[in-house]
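Asker:
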Amino acid sequence: MWTIVTIIIGLIFAIIIYEILRRQVLKRTALKIRHAGQRTADGAMQTALTHLASAVEVQEVHGSLHSVPVADVWGRGVMAFEYVLETPGMVKADLPEVRRLFNNQFQRYADDQHITAFQNAGPALRVTDAWLRAGQLHVDVAYLMNEATLEYLDDLRRLNQSDSGQ
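Residues 34 to 199, numbered by our numbering, are exactly what the sequence shown covers, in order.
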């Protein structure tokens with residue numbers, strides 16, 4: 034009897050340890066993938082800023098480049114990152130043009146680096162949102178490298194449609 038109880042307890046402990054280790058491996062792998070996606074988005078943003086800073090219609094952007102994942106709420110694997118840039122003097126009316134300029138530069142970067150979107154679902158890198166707050170331009174950039182990011186963009190599209198319908 035005690036042998037069976039000991040075996041069952043041992044199996045329970047083995048399963049618990051296995052699950053803990055499995056989750057750690059999955060978490061570490063997901064983090065590596067996210068960092069790779071973030072490096073790609075950072076490279077695209079740095080290149081875009083370099084080109085846009087030389088353009089007449091874009092003001093000089095001050096500050097260091099730093100991105101933060103924005104999609105933890107949406108689930109694992111979403112490759113979307115927020116950039117905050119100092120843009121004194123920019124007004125809300127400039128945002129559509131800023132989005133267009135960034136998207137054009139991201140497309141050039143993706144073409145130059147041979148970056149393709151998941152399932153060829155359009156541009157691999159794109160601005161998903163841009164807004165101004167306290168003299169800072171906030172830009173959300175999605176790197177469409179997996180299904181989770183594609184679903185994230187579909188969710189954003191549905192949210193924007195429901196907001197415009199109200």
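Just so you know, even glycine gets a beta-carbon here, dropped at the ideal spot from N, CA and C. Computed from a prediction, not measured in an experiment: that's the story for all the values here.
So, at 7 Å on beta carbons, what are the nonlocal neighbours of residue 75 in its own chain, with the 5 sequence-adjacent residues on each side left out?
Answerer: For residue 75, same chain residues with a beta-carbon under 7 Å away, outside a window of 5 residues either side, are 98, 100 in chain order.
Asker: Can residue 140 and residue 80 be called in contact, C-beta distance under 8 Å?
Answerer: no
Asker: Between the C-alpha atoms of residue 157 and residue 72, what's the straight-line distance to the nearest angstrom?
Answerer: 14 Å
Asker: What is the residue span of the beta strand (DSSP E) that residue 129 lies within?
Answerer: Per DSSP, residue 129 belongs to no beta strand (DSSP E); it is in the alpha helix (DSSP H), 128-146.
Asker: If residue 150 and residue 177 are in contact, beta carbons under 8 Å, what's the gap, nearest whole angstrom?
Answerer: Residue 177 and residue 150 do touch by the CB rule: their CB atoms are close to 4 Å apart, below 8 Å.
Asker: Since residue 67 is in the alpha helix (DSSP H), which residue starts that stretch and which ends it?
Answerer: 35-86
Asker: Counting along the chain, where does the beta strand (DSSP E) carrying residue 161 start and finish?
Answerer: 158-166
Asker: I think residue 181 touches residue 110, with their Cβ atoms under 8 Å apart; what is that distance to the nearest whole Å?
Answerer: Approximately 4 Å separates the beta-carbon atoms of residue 181 and residue 110; this is inside 8 Å, confirming the contact.
Asker: Determine the direct distance from the alpha carbon of residue 173 to that of residue 187, and round the result to whole angstroms.
Answerer: Approximately 15 Å between the Cα atoms of the pair.
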